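Numbering (the working numbering), first residue to last: 1 to 106. Don't be surprised by glycine CBs; every beta carbon is placed ideally from N, CA and C. This structure is a prediction, so every number in the text was calculated from the model and none was measured. Below is one structure, written out as C-alpha coordinates, with a few remarks after it.
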(Lines of atoms letter the chains of each structure in order from A and count residues from 1; the text may use other names and numbers.)
(Lines give C-alpha, C1' and ligand atoms only; values in the text may rest on other atoms or scores of the structure.)
Protein backbone atom coordinates (compact mmCIF):
# COMPACT_ATOMS: atom_id res chain seq x y z
CA UNK A 1 0.00 0.00 0.00
CA UNK A 2 2.88 2.38 0.76
CA UNK A 3 4.19 2.06 -2.79
CA UNK A 4 0.77 2.86 -4.23
CA UNK A 5 0.50 5.94 -2.00
CA UNK A 6 3.98 6.98 -3.08
CA UNK A 7 3.02 6.57 -6.76
CA UNK A 8 -0.07 8.73 -6.27
CA UNK A 9 2.02 11.30 -4.36
CA UNK A 10 4.46 11.39 -7.28
CA UNK A 11 1.66 11.87 -9.79
CA UNK A 12 0.29 14.70 -7.67
CA UNK A 13 3.76 16.22 -7.76
CA UNK A 14 3.51 16.26 -11.57
CA UNK A 15 0.09 17.91 -11.24
CA UNK A 16 1.30 20.66 -8.94
CA UNK A 17 4.36 21.32 -11.10
CA UNK A 18 2.09 21.74 -14.12
CA UNK A 19 -0.22 23.91 -12.04
CA UNK A 20 2.70 26.02 -10.94
CA UNK A 21 3.59 26.65 -14.57
CA UNK A 22 0.03 27.57 -15.52
CA UNK A 23 -0.49 29.74 -12.43
CA UNK A 24 1.97 32.22 -13.93
CA UNK A 25 3.72 32.91 -10.64
CA UNK A 26 0.52 32.58 -8.59
CA UNK A 27 -1.11 35.43 -10.49
CA UNK A 28 -4.02 33.28 -11.74
CA UNK A 29 -6.48 32.21 -9.03
CA UNK A 30 -7.72 28.76 -10.07
CA UNK A 31 -4.41 27.37 -11.28
CA UNK A 32 -2.93 28.66 -8.01
CA UNK A 33 -5.62 26.93 -5.94
CA UNK A 34 -5.06 23.73 -7.93
CA UNK A 35 -1.31 23.97 -7.35
CA UNK A 36 -1.62 24.41 -3.59
CA UNK A 37 -4.21 21.62 -3.26
CA UNK A 38 -2.23 19.09 -5.28
CA UNK A 39 1.02 20.02 -3.51
CA UNK A 40 -0.62 19.50 -0.14
CA UNK A 41 -2.05 16.16 -1.24
CA UNK A 42 1.33 15.09 -2.57
CA UNK A 43 3.11 15.98 0.69
CA UNK A 44 0.50 14.22 2.83
CA UNK A 45 0.65 11.02 0.80
CA UNK A 46 4.46 11.12 0.82
CA UNK A 47 4.41 11.46 4.61
CA UNK A 48 2.03 8.52 4.97
CA UNK A 49 4.11 6.36 2.62
CA UNK A 50 7.23 7.21 4.65
CA UNK A 51 5.74 5.45 7.65
CA UNK A 52 6.69 2.17 5.96
CA UNK A 53 9.35 3.11 3.41
CA UNK A 54 12.92 4.28 4.02
CA UNK A 55 13.34 8.06 3.84
CA UNK A 56 15.96 8.07 1.07
CA UNK A 57 14.06 5.62 -1.10
CA UNK A 58 10.67 7.29 -0.66
CA UNK A 59 11.97 10.79 -1.28
CA UNK A 60 14.06 9.78 -4.30
CA UNK A 61 11.18 7.87 -5.88
CA UNK A 62 8.76 10.74 -5.19
CA UNK A 63 11.03 13.32 -6.79
CA UNK A 64 11.90 10.94 -9.63
CA UNK A 65 8.26 10.35 -10.50
CA UNK A 66 7.74 14.10 -10.39
CA UNK A 67 10.78 14.84 -12.55
CA UNK A 68 10.07 12.23 -15.21
CA UNK A 69 6.34 12.94 -15.13
CA UNK A 70 6.89 16.68 -15.52
CA UNK A 71 9.34 15.96 -18.34
CA UNK A 72 6.72 13.88 -20.18
CA UNK A 73 3.94 16.38 -19.43
CA UNK A 74 6.08 19.22 -20.75
CA UNK A 75 6.70 17.41 -24.02
CA UNK A 76 3.15 16.14 -24.56
CA UNK A 77 1.11 19.08 -23.28
CA UNK A 78 3.40 22.10 -23.54
CA UNK A 79 5.37 21.42 -26.70
CA UNK A 80 8.77 21.24 -25.03
CA UNK A 81 11.64 19.82 -27.07
CA UNK A 82 12.18 16.10 -27.39
CA UNK A 83 15.83 15.24 -27.94
CA UNK A 84 17.79 12.02 -27.62
CA UNK A 85 19.86 13.47 -24.78
CA UNK A 86 16.77 14.49 -22.79
CA UNK A 87 15.14 11.07 -23.30
CA UNK A 88 18.34 9.25 -22.31
CA UNK A 89 18.62 11.37 -19.19
CA UNK A 90 15.01 10.69 -18.20
CA UNK A 91 15.58 6.96 -18.79
CA UNK A 92 18.53 7.06 -16.41
CA UNK A 93 16.22 8.46 -13.74
CA UNK A 94 13.72 5.65 -14.40
CA UNK A 95 16.48 3.02 -14.13
CA UNK A 96 17.51 4.55 -10.81
CA UNK A 97 13.92 4.45 -9.54
CA UNK A 98 13.58 0.79 -10.48
CA UNK A 99 16.86 0.06 -8.72
CA UNK A 100 15.69 1.81 -5.56
CA UNK A 101 12.40 -0.11 -5.61
CA UNK A 102 14.09 -3.48 -6.13
CA UNK A 103 16.69 -2.87 -3.44
CA UNK A 104 14.39 -1.37 -0.79
CA UNK A 105 13.23 -4.64 0.71
CA UNK A 106 9.59 -3.46 0.82
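As assigned by DSSP and simplified to three states, the class of residue i
i: residue 77; result: helix
i: residue 22; result: helix
i: residue 31; result: helix
i: residue 83; result: coil
Residue i classed as buried or exposed, judged by whether at least 16 other C-beta atoms fall within 10 angstroms
i: residue 57; result: buried
i: residue 105; result: exposed
i: residue 27; result: exposed
i: residue 42; result: buried
Option nearest residue i by Cα separation, candidates the options
i: residue 98; options: 77, 75 and 64; result: 64
For this session: Check whether the stretch 32-49 touches the stretch 10-21, taking contact to mean three or more Cβ pairs, one atom from each stretch, closer than 8 Å.
Result: yes
Exercise. Between the stretch 65-82 and the stretch 92-100, do at least 3 Cβ pairs fall closer than 8 Å?
Worked result: yes
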